[in-house]
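Visitor: Dropping a structure here in structure tokens format, bear with me for questions.
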Amino acid sequence: MTTSIESPRAARTVRRGGVNWEKWGWIYMRVSGVALVVLIFGHLFVNLMIGDGVKALDFAFVGGKLSNPFWQVWDTLMLWLALIHGANGMRTITNDYAHNRLVGVVVKGAILAATVVLIILGTLVVYTFDPCPAGAPTDLLPTFCTGG
Amino acid sequence: MWSWVFHRITGVAIFFFLLVHILDTALVRVSPEAYNAVIGTYKNPIMGLGEVALVAAIGLHALNGIRIILIDFWAWGTRHQKLLQWIVIILWIVLLVGFVPRHLINVFSE
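In order, the protein sequences belong to chains A and B.
Convert by adding 36 to the 1-based position in the first sequence; the result is the number in our numbering.
Convert by adding 112 to the 1-based position in the second sequence; the result is the number in our numbering.
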């Protein structure tokens with residue numbers, strides 16, 4: 037093993053009192069990580085392994101799942117935990133590699149903006165979603181929409 | 113060192129997939145036709161192989177993440193980090209052996 041990778045390292049910052057956010061971020065990555073192992077492998081198993089897997093995914097499939105409070109809560113937890121976990125990881129990587137201060141601020145601003153927008157969008161979709169939209173072709177809808 | 117490199121690479125890749133996946137799923141709020149058109153692209157063979165890569169990346173990131181936690185919080189884990197590394201690789205292979213044939217049969221059938 038002669039390959040070596042230059043170790044990137046964020047500048048050491050001196051913190052004077054207050055909340056140790058880096059410590060809470062470190063704890064969050066581990067706690068959310070364990071939860072996400074369960075949530076994401078459950079998601080992958082139900083959507084890709086059971087039945088016809090990826091071939092069975094369509095509006096009717098998602099409509100059936102998101103009409104069930106169990107999957108609404110599951111997907112909401114997955115959305116929030118995964119996006120914040122991913123955004124915090126991207127922040128760490130940005131701190132390690134962006135040596136120019138302005139570049140770092142712009143990149144982290146973009147990560148934050150994308151995260152906030154997608155959490156709001158995703159949460160609204162989960163709770164305002166209509167599995168039986170009026171006027172849609174009935175063959176595309178879950179069977180419970182037509183009483184079948 | 114390599115598990116650190118792969119943890120970063122898979123993490124970034126999964127993050128970008130997550131951004132796209134939330135947007136495509138949000139199409140259920142637009143119309144059944146719009147959602148079905150986009151999710152249909154997940155079913156073509158090239159995307160099917162992409163899903164194998166995605167699950168491989170998620171599996172490695174998840175298993176290596178658990179290894180990091182065990183090393184951080186458990187003295188035994190720190191002492192046996194090399195053994196844990198091998199367990200990660202073995203479980204990752206078991207995961208893919210379970211997933212890949214089943215998924216590819218789904219993707220390439222009919």
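Glycine included, every Cβ here is placed at the ideal spot set by N, Cα and C.
Because the structure is a prediction, the values reported are computed rather than measured.
Which residues bound the alpha helix (DSSP H) around A/Asn83?
Guide: Walking along the first sequence from the start, residue 83 of chain A turns up at place 47. That residue, A/Asn83, is in no alpha helix (DSSP H); it is neither H nor E in DSSP.
Visitor: Is DSSP giving B/His149 helix, strand or coil here?
Guide: Working through the second sequence from its first residue, we reach residue 149 of chain B at position 37. What sits at residue 149 of chain B in the sequence shown is Ala, not His. Here B/Ala149 sits in helix by DSSP.
Visitor: Might you give, ordered along the chain, the residues of its own chain that have their beta carbon closer than 6 Å to the beta carbon of A/Arg121, omitting 5 neighbours on each side?
Guide: The residue given as residue 121 of chain A occupies position 85 in the first sequence. Here the sequence assigns His to residue 121 of chain A, which means Arg is not the residue at that position. Result list for A/His121: Ser68, in chain order.
Visitor: So, does the stretch 156-170 of chain A touch the stretch 136-143 of chain B, judging by three or more C-beta pairs under 8 Å?
Guide: Yes, the stretch 156-170 of chain A is in contact with the stretch 136-143 of chain B.
Visitor: Can you pull out the residues from the stretch 117-137 of chain B whose beta carbon lies closer than 8 Å to at least one beta carbon of chain A?
Guide: For the stretch 117-137 of chain B, which is checked against every Cβ of chain A, the residues closer than 8 Å are Val117, Arg120, Gly123, Val124, Ile126, Phe127, Leu130, Leu131, Ile134, Leu135, Thr137.
Visitor: Roughly how many angstroms separate the alpha carbons of B/Thr153 and B/Met159, rounded to a whole number?
Guide: Sequence index remark: in the second sequence, residue 153 of chain B carries index 41 (1-based). Sequence index remark: in the second sequence, residue 159 of chain B carries index 47 (1-based). Straight-line Cα distance between these residues: approximately 7 Å.
Visitor: For chain A, is any of its Cβ atoms less than 8 Å away from the one on B/Arg141?
Guide: Position 29 of the second sequence, counted from the start, is the residue given in the question as residue 141 of chain B. Interface residue, yes.
Visitor: Return the first residue and the last residue of the alpha helix (DSSP H) that A/Arg45 is part of.
Guide: Within the first sequence, residue 45 of chain A is the residue found at index 9, counting from 1. Element bounds for A/Arg45: n/a, residue is neither H nor E.
Visitor: If contact means a Cβ-Cβ distance below 8 Å, which residues of the stretch 167-178 of chain B contact chain A?
Guide: So the list reads Val167, Ile170, Ala174, Gly177, Ile178, given in the order they occur along the chain.
Visitor: Relative to the alpha-carbon of A/Val60, which residue among A/Asn124, A/Asn131, A/Gly171 has its alpha-carbon at the smallest distance?
Guide: Working through the first sequence from its first residue, we reach residue 60 of chain A at position 24. Residue 60 of chain A is actually Trp in this sequence, not Val. When each option's Cα is compared against that of A/Trp60, the closest is A/Asn124.
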